[in-house]
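Residue numbers (our numbering), protein chains in the order written: chain P, -6 to 204; chain A, -6 to 204. Note that CB positions come from ideal geometry on N, CA and C, so glycine has one too. As the structure is a computational prediction, the values presented were derived from the model and not from experiment.
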């Protein structure tokens, strides 16, 4: 009797501003990797905050602690053969690089969109507008730092690319890096929600378009 | 080409007083499961506190939060095929049962030794003596509650059993529950430390006898 080959784990680490499209792409990638029969976990920033970091705030120290915890769990999963996807803002370069060192098999995906673009087109809760007006403070990209990666394995521009194009960029690169065999998208149409991010759902339980 | 069968994960959850022998047995079990070619992780109470719960104290609420975090991570590992061992005091029954519900494939091991026995024979740092003298407070089993499991899958008495006998009890039961095929101890002599608990080491890097 044969069994499917034991997969080697890796971590795909999304980083970018709130609203840049991290969760959308992470969800799409989650389903693509699952469709390949891989073990996949998705560690969403907000979900991890709820489960591992309740009580932490948004100071640099607390943000770093939160990211270190995600890195600790991602490492445990990765070394046990799980394709692990993280999507937290993770604004500070140093602690991202610390996670890279810890995990080893680490693919950093910089999800790029400008504050102006997000505030104008992707701000349903009006948080960017409030932050830009000074009504809320400590908002990443507005009055709190975001340090973009200097040499990410993958860079996607969600202002010029459709999500499916960004996904293809990611799959192509994962194939080139040897983490997947085939970069063809396998999942068609609206995806059923993984339950692992806070993306909006349609009434049928599918992921809503946009945020 | 054949591959080893994909294992189903489970969690072995040690609970008991500080000094009861949880870490010693967890270390021994870790090596036994590894020797069977299984994927194994050991989540030690103190190590997890360092990585996931820095800043938490020892109130009931903080202890429960710490245990919930161990449960969250144990669940992630278990559902990905990892034999997961936890060894935190985990004094409260309700939150242990919450973890049991979450994880499903859950084997609770109650490591039994009385405060008197530990204070007399296994208290190298003198913590029990200080707690009994009222010099430190909030100490589990002395002036802070320990709620023993009512129906643990496994019960070991480390006052009457040698560690190797307790280990055999655990392996026999894991075999009976279908989590391992063979309960024969495979690892002989002093074990090399996993690095995952705070057990003392000999100069050669082996686990020291006793605590």
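query                                                                                                                                                                                           : result
Within its chain, find whatever has a CB closer than 7 Å to the CB of residue 139(P); leave out the 5 residues flanking it on each side and keep chain order.                                   : 10, 84 and 133
My output table needs one value for residue 129(A): the three-state DSSP class, helix, strand or coil.                                                                                          : coil
Taking only beta-carbon positions, decide if residue 22(P) is within less than 8 Å of chain A.                                                                                                  : no
Is there a Cβ from chain A that is less than 8 Å from the Cβ of residue 1(P)?                                                                                                                   : no
If you run the structure through DSSP and keep just helix, strand and coil, what is residue 104(A)?                                                                                             : strand
Residues in the same chain with beta-carbon distance under 6 Å from residue -6(A), minus the five sequence neighbours each way, listed in chain order, please.                                  : Here residue -6(A) scores only 41 on pLDDT, less than 50, and its place in the model is too uncertain to base an answer on.
According to DSSP, is residue 18(P) part of a helix, a strand, or is it coil?                                                                                                                   : helix
Compare the C-beta of residue 32(P) against all C-beta atoms of chain A and say whether one is closer than 8 Å.                                                                                 : yes
Indicate whether residue 205(P) and residue 62(P) have their beta-carbon atoms separated by less than 8 Å.                                                                                      : With chain P running from -6 to 204 in the structure shown, residue 205(P) is simply not present.
Which residues, taken in chain order from the region 50 to 82 of chain A, show a beta carbon closer than 8 Å to some beta carbon of chain P?                                                    : 58, 61, 62, 65, 66, 69, 70, 73, 74 and 75
Quick one, which residues of the region 91 to 114 of chain A are near chain P if we go by CB-CB under 9 Å, in chain order?                                                                      : none
Is residue 3(A) helix, strand or coil by DSSP?                                                                                                                                                  : strand
Here's the rule I'm using: 16 or more other beta-carbon atoms within 10 Å means buried, otherwise exposed. How should residue 36(P) be labelled?                                                : buried
Starting from residue 76(A), follow its DSSP beta bridges and name the residues at the other end.                                                                                               : 3(A) and 33(A)
If you compare alpha carbons, which of 166(A), 180(A), 18(A) and 24(A) is closest to residue 99(A)?                                                                                             : 166(A)
On the DSSP bridge list, what partners appear for residue 8(P)?                                                                                                                                 : 103(P)
Scan the region 32 to 48 of chain P for residues whose Cβ lies nearer than 8 Å to a Cβ of chain A and list them as they occur along the chain.                                                  : 32, 34, 44, 45, 47 and 48
Whose CA, out of 75(A), 119(A) and 59(A), lies closest to the CA of residue 91(A)?                                                                                                              : 59(A)
Classify residue 181(A) as buried or exposed, calling it buried when 16 or more other Cβ atoms lie within 10 Å of its own Cβ.                                                                   : exposed
In three-state DSSP terms, what is residue 137(P)?                                                                                                                                              : strand
Going along the chain, which residues of its own chain have a beta-carbon closer than 7 Å to the beta-carbon of residue -3(P), five neighbours each way excluded?                               : Per-residue confidence for residue -3(P) stands at a pLDDT of 48, beneath the threshold of 50, marking its modelled position as unreliable; the derived number appears in the next sentence. So the list reads 30, once near-sequence residues are dropped.
Are the region 2 to 22 of chain P and the region 96 to 112 of chain P touching by the rule of at least three beta carbon pairs closer than 8 Å?                                                 : yes
Looking only at its chain, what residues have a beta carbon closer than 6 Å to the beta carbon of residue 75(P), apart from the 5 residues adjacent to it on each side?                         : 2, 32 and 34
Does residue 157(P) pass the burial test, meaning 16 or more other C-beta atoms within 10 Å, or should it be called exposed?                                                                    : exposed
Between which two residues does the beta strand (DSSP E) holding residue 150(A) run?                                                                                                            : 147 to 150
Let me know the secondary structure DSSP gives residue 159(A) once reduced to three states.                                                                                                     : helix
Taking all protein chains shown into account, decide if residue 68(A) is buried (16 or more other Cβ within 10 angstroms of its Cβ) or exposed.                                                 : buried
For residue 13(P), tell me which candidate among 82(P), 128(P), 4(P) and 176(P) has the shortest Cα-Cα distance.                                                                                : 82(P)
On the premise that residue 125(P) lies in contact with residue 106(P), defined as a C-beta separation below 8 Å, what is that separation, rounded to the nearest angstrom?                     : Actually they are not in contact, since the Cβ atoms of residue 106(P) and residue 125(P) sit about 15 Å apart, beyond 8 Å.
Run through DSSP, which three-state label would residue 64(A) get?                                                                                                                              : helix
Would residue 47(A) be called buried (16 or more neighbouring beta carbons within 10 Å of its own) or exposed?                                                                                  : exposed
Give every residue of the same chain whose Cβ lies closer than 7 Å to the Cβ of residue 116(P), excluding the five residues on either side of it in the sequence, and list them in chain order. : 12 and 122
Quick one, which of 86(A), 120(A) and 23(A) has its alpha-carbon nearest residue 143(A)'s?                                                                                                      : 86(A)
On a CA-only basis, which of 94(A), 164(A) and 56(A) is nearest residue 172(A)? Give me that one, please.                                                                                       : 164(A)
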